[in-house]
Each structure stands twice: as C-alpha cells, then as structure tokens.
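Following the working numbering from start to finish, the sequence shown increments by one per residue and tops out at 519. Notes for the one structure printed next.
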Amino acid sequence: MGFVLIVDFGGQYAHLIARRIRELGVYSELLSASSDLETILDFAGRSQGVVLSGGPLSVTEGRHDEIAKSLLRLGKPLLGICYGHQLLAKVLGGSVGRSPAPEFGPTKVELSPDELFEGIPAKVTVWMSHNDAVLEAPPGAKVLARTRGSPVAAMRYGAHWSVQWHPEVSHTQYGLQMYDNWLRAIGARRDWRPENMIEELTEMVRREIGGSLAVSAVSGGVDSTVASLIVKRAIGERLVPILIDHGLHPAGEPELSIALLENVGLKPLVIKAEEEFFSALKGIREPEEKRRAFGRLYARLLEDQAERLGAEFLVQGTIYPDVIESGGRVGASVIKTHHNVAGMPKQLRFKVVEPLKWFYKDEVRAIGRKLGVPEEILRRQPVPGPALAVRVEGEVTRERVELVRRADAIVREEIEGAGIGGLWQYFAVLTSSKATGVKGDERAYGHVIAIRAVESVDAMTASIARLPWEVLERIAARITGEVPGVTRVVYDITSKPPATVEWE
Ligand code: XMP
Numbered sequence: 016m017g018f019v020l021i022v023d024f025g026g027q028y029a030h031l032i033a034r035r036i037r038e039l040g041v042y043s044e045l046l047s048a049s050s051d052l053e054t055i056l057d058f059a060g061r062s063q064g065v066v067l068s069g070g071p072l073s074v075t076e077g078r079h080d081e082i083a084k085s086l087l088r089l090g091k092p093l094l095g096i097c098y099g100h101q102l103l104a105k106v107l108g109g110s111v112g113r114s115p116a117p118e119f120g121p122t123k124v125e126l127s128p129d130e131l132f133e134g135i136p137a138k139v140t141v142w143m144s145h146n147d148a149v150l151e152a153p154p155g156a157k158v159l160a161r162t163r164g165s166p167v168a169a170m171r172y173g174a175h176w177s178v179q180w181h182p183e184v185s186h187t188q189y190g191l192q193m194y195d196n197w198l199r200a201i202g203a204r205r206d207w208r209p210e211n212m213i214e215e216l217t218e219m220v221r222r223e224i225g226g227s228l229a230v231s232a233v234s235g236g237v238d239s240t241v242a243s244l245i246v247k248r249a250i251g252e253r254l255v256p257i258l259i260d261h262g263l264h265p266a267g268e269p270e271l272s273i274a275l276l277e278n279v280g281l282k283p284l285v286i287k288a289e290e291e292f293f294s295a296l297k298g299i300r301e302p303e304e305k306r307r308a309f310g311r312l313y314a315r316l317l318e319d320q321a322e323r324l325g326a327e328f329l330v331q332g333t334i335y336p337d338v339i340e341s342g343g344r345v346g347a348s349v350i351k352t353h354h355n356v357a358g359m360p361k362q363l364r365f366k367v368v369e370p371l372k373w374f375y376k377d378e379v380r381a382i383g384r385k386l387g388v389p390e391e392i393l394r395r396q397p398v399p400g401p402a403l404a405v406r407v408e409g410e411v412t413r414e415r416v417e418l419v420r421r422a423d424a425i426v427r428e429e430i431e432g433a434g435i436g437g438l439w440q441y442f443a444v445l446t447s448s449k450a451t452g453v454k455g456d457e458r459a460y461g462h463v464i465a466i467r468a469v470e471s472v473d474a475m476t477a478s479i480a481r482l483p484w485e486v487l488e489r490i491a492a493r494i495t496g497e498v499p500g501v502t503r504v505v506y507d508i509t510s511k512p513p514a515t516v517e518w519e
C-alpha cells in the first residue's frame, strides 16, 4: 500500500491534511518535524510524496531548513502548505519575510492555469492564516497565484508545488479538488479502504497478544466497541471486556451500553466504583487535573482486574486524533489530556493494545460497519472518557453531576423528539457562573446551564448547529422549570477551532 507522508511542523490543521488525503483513497501518516531526520527521511523515502504542513514558527528562524533541504535531495514530490510553502521557497533561494498585509480568514485569490488547479475556477476564496509571506519566488519557480498579502501565494518548482493557503479546511473553495489534483500529479495509488484492513489488524493483534489474556475497557461507544471486536476476532474468549461504572454517566447509562454490548457479543464484566471516583475527584477544580485523577483511578481499577484475571494486555479504543491531540505533535500544545492516552499513568502494569490508533473516526465507523456493528452504536454521540466530570465546571460533586445529568437528559429528549438528525454531539454543561432569575415571585440566584450542539465529521473541527429557536426555547423552559437551582440557560455559539467541543 502506498502512502503520503505529512511532516508536521505543529500546524493546527496538519491532521486535516491527513484526513483529506485518506478521504481521497490514499493512506497518509503524520510525522512530527521534531522526529530525528533519519526517521523522516526513511518514511519519506518509502512514501509516494511528502506534504510539508503549516506551523506556528517563522521560517526566518531557520529551524527546519535541514529537513526541507534533505527532502529536496531525496527527490520525492513535495507539497508545501502555509509554513511549508514558505520553507520550500526559502531553501530554494526565494525570499520570505513579514507580509505587507497579513491575511487571516477568507481571502480572494486568482489562480494561473496549472495541473494543480485543474477543474478549479480562476477566482476562488481560500482560507489564509499567516504573518510571513513569500516575497520573492526562488529562481526557476513559476508563480501560480498572488494576493495583496502574498506576492507569491502559490508556486511550482519542477515536481514540487506549494501554496500559502489551507486547502484542507472546508472554508477553502475547491480545496479537496486541489489535493485530488496533486495526488493525480504524483501518481499516488488510491488503494486505501480502512474496512479492508480488518484481516491485517486481526492478525497483528493475534501476534501481539500471543497466547495471553487481555482485558478491554468498554463504554458502549464506537471506538472501544470496534477495538474490542477486532481483538475478540483475534483471541476469542481470552478477551474480557470490562465496563467501569464510575457514576458519572449520562442518564440511562450505563444500562443502555451494557445491553448494546451484549448484543454484539461483548458482555462486559461491570465494576461498580462510584464511591471511589467521587472521592478521587473531591476538591479538584482544574480540568486537566480532573482528567488525570480520573485516568489514574480508571487505570488502577483496570489493573486490579487484569491482575485478578491474569491478563497481560489492555485493549484501548484510542484513535488517531487522540494520539495527535495528546501531544504527538511538535510545536502544538497538548490540547487536552484524553484519559485513554496521556491521562493514564505512564507506568502501567500491562501492555496496551490499540488496534485503532491509526484510524480516524469515520474510518472506525467503516470498520465497525463491516464487522456488523449496528448503526445504533455507530451513530452514538461520543461521551468523553471522564464523562460528566468534564461537563461540570469546577468541583465534581454528586449534586452537581445530578444537576447536569438532568439538564442533559432534557437536551437529548428535546433534540431527538424534534427529529433533528445529523448532529455530532449535543449536551449540557453546568457552568461555574451564577445568574439572577425570578422563580415564582421570588428573586433567585442560581446556576447557569450551557447547551452545546455541534456538527462535525471527526471532531477535529466542528461547527455549531443552528438549532431551531423553538427547540432551544423549549429546552430553556424545561431546564429552568424542571432542574432545581437553574435560573438561566445559554447556547454556546463557538465553533472548533477556536473552542474545543467539550468545555473542559
Ligand atoms: P474536544 O473537546 O477536544 O473533543 O474538541 C473532541 C471529541 O473528543 C471527545 N472527547 C474525548 N474522547 N476521551 C475520549 O475518548 C476523552 O477524554 C475525551 N474528551 C473529549 C469529545 O466529546 C469530542 O467528541
């Protein structure tokens, strides 16, 4: 199977580049620019082409010149995006400096005819985000686009191309078409179908686990279910699925999850640990610390079970974006500590098996579908590992969790009752704000509940759902009427980025 390598300079959208390329049927992988040069060149040498991503640094600092020069010497076709565009221009002898007019957001650009732009109108709107710009093209390069802030907004140098904008974000018109054209230009093989990987994954897991026993942490969510099914295919009854009942589940859970899991042949061993979770979270207000405390206890409970059963392996439903977001990227900060990756203590007593760690969410769904997982599970909205603990701002107490659980149930009932489909997630958050209201004839000073509803393909970016006002009003009326102590309901209208989906 061929693949495209993306050298990640810490750009916010590097993972989106990978997603787009996979969507076009070519496997792609991200490798941090902080990996050693030998590794980068080894990957690049085996790839069909290399994308140089965007990034927060300035190429004038010269941090990555060596990587770019070595890749040029290697002779694989390169595609530079944003920072990658400037890096290529610089090492090829062009000039890069402060843009005469830094561009952020939608920008009109005029394209010159080139195979990279085939099928794309000459005038399009693209998404820009840059302070520096390529001021002069390298000798021998052909300038393919100009804007006010980017004298060289796109260029071609032999078999290499680069653009200042981000064709991977949905705000860029014809962005996917541009990647498609590039893949055609470099002759990339379109042989990536995640669901065709099942046999290979099963075999990999079988080799990894050998004759040992494994436990898997299941939640009834898509990722852990699909991961466990693959392992079950590999080792059969030597897999013991475990569901930890931490008392932080949304309403109706974990009962519903247990029933769904039983239906797909993954009857879980249920460990009740509500008391332990509330005491482990007591007094903690800081979101990352909450996640770590949750992760520590979760890991310990699993370890205890694994030890009791004599299991050497732990199966986790970690997917590619979790690996990336937990600090797998250079220059980008750890956005959140996902409990199933970095939130777990480093030293675990068992070995971790992560059959899905190279896949994006929609790819996991495709695999699940092929394995016969019902749509009911595949379409379930994700719940973060620490569940309602990260949907209660500030301290996690039983009362506060119960409050958000009741509000959350109303949000679900009303949205589902109105027949609104196609949402990625919809839920309630108990904020730490207080606001004045009137209840009966009395002034009340109570809690503020925030409603979040987003549309997304893979949670790496998300846009807010435009819920009908009637539905929002009904939700507000019911929450203030039915959930004691709530005086106000607000609707979160922030997309990701800049916000994340969850509040904590
Ligand atoms: P954010 O808030 O980072 O969330 O935009 C992206 C997606 O990930 C889910 N999420 C988690 N999933 N463990 C998980 O497996 C976690 O700790 C976790 N935290 C957030 C979130 O619900 C959204 O769909």
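Beta carbons are placed, not taken as given, at the ideal position from N, Cα and C, and that holds for glycine. Being a predicted model, the structure only gives us computed values, none of them experimental.
So Glu81 and Leu52 are in contact, right, with Cβ under 8 Å, and what is the actual spacing, rounded? Right, the Cβ-Cβ distance comes to about 7 Å (below 8 Å), so this counts as a contact.
Any heavy atom of the ligand XMP within a distance shorter than 8 Å of the CB on Asp147? Closer than 8 Å to some heavy atom of the ligand XMP: that does not describe the Cβ of Asp147.
Could you name the residues of the same chain whose beta carbon sits closer than 7 Å to that of Leu312, not counting the 5 residues immediately before and after it, in chain order? Hits under 7 Å: Glu291, Phe292 and Ala295.
Please identify the residue among Ala422, Ile508, Lys511 and Ala308 whose C-alpha is closest to the C-alpha of Glu497. Nearest option by C-alpha distance: Ala422.
Does any heavy atom of the ligand XMP sit closer than 8 Å to the C-beta of Pro513? Pro513 Cβ: outside cutoff for every heavy atom of the ligand XMP.
To the nearest angstrom, report how far apart Gly346 and Ala514 are at their CA atoms. Residue placement at Gly346 is flagged as unreliable, the pLDDT there being 31, under the threshold of 50; the coordinate-derived value follows with that caveat. In a straight line, the C-alpha of Gly346 is about 19 Å away from that of Ala514.
According to DSSP, Phe119 sits in a beta bridge with which residue or residues? According to DSSP, which records beta bridges pairwise, Phe119 is partnered with Ser144.
Given Glu133, which residues of its chain have a CB within under 7 Å of its CB, disregarding the five upstream and five downstream residues? Result list for Glu133: Asn196, in chain order.
So, do the region 378-390 and the region 205-225 have three or more beta carbon pairs nearer to each other than 8 Å? Here the region 378-390 lies against the region 205-225, with 3 or more beta-carbon pairs under 8 Å apart.
If I measure Cβ to Cβ from Val285 and keep anything under 7 Å in the same chain, skipping five residues before and after, which residues do I get? Excluding positions up to five away in sequence, the list reads Leu258, Asp260 and Ile273.
So Pro256 is in the beta strand (DSSP E); what residue range does that whole segment cover? Per DSSP, the unbroken beta strand (DSSP E) holding Pro256 starts and ends at Leu254 to Asp260.
Secondary structure of Asp23, DSSP reduced to three states: Looking at Asp23 - three-state DSSP - the assignment turns out to be strand.
Is His79 helix, strand or coil by DSSP? Coil.
Backbone secondary structure at Gly434 - three-state DSSP: Coil, per DSSP.
Does at least one heavy atom of the ligand HEM sit under 8 Å from the Cβ of Trp373? Although the ligand HEM was asked about, the structure shown includes only the ligand XMP as ligands.
What three-state label does DSSP hand Thr333 in the structure shown? Coil at Thr333, not helix or strand.
The ligand XMP heavy atoms versus the CB of Glu10: any closer than 8 Å? With the chain covering 16 to 519 only, the question about residue 10 has no answer from this structure.
Lys123 burial status per 10 Å Cβ neighbour count (16 or more: buried): Around the beta-carbon of Lys123, fewer than 16 other beta-carbon atoms lie within 10 Å, marking it exposed.
So, under 8 Å CB-CB, Ala242 and Leu371 are touching, yes? Tell me the CB distance rounded to an integer number of Å. Right, their Cβ atoms sit about 5 Å apart.
With a threshold of 8 Å (Cβ to nearest heavy atom), would Ala474 be considered close to the ligand XMP? Yes - the ligand XMP has a heavy atom lying nearer than 8 Å to the Cβ of Ala474.
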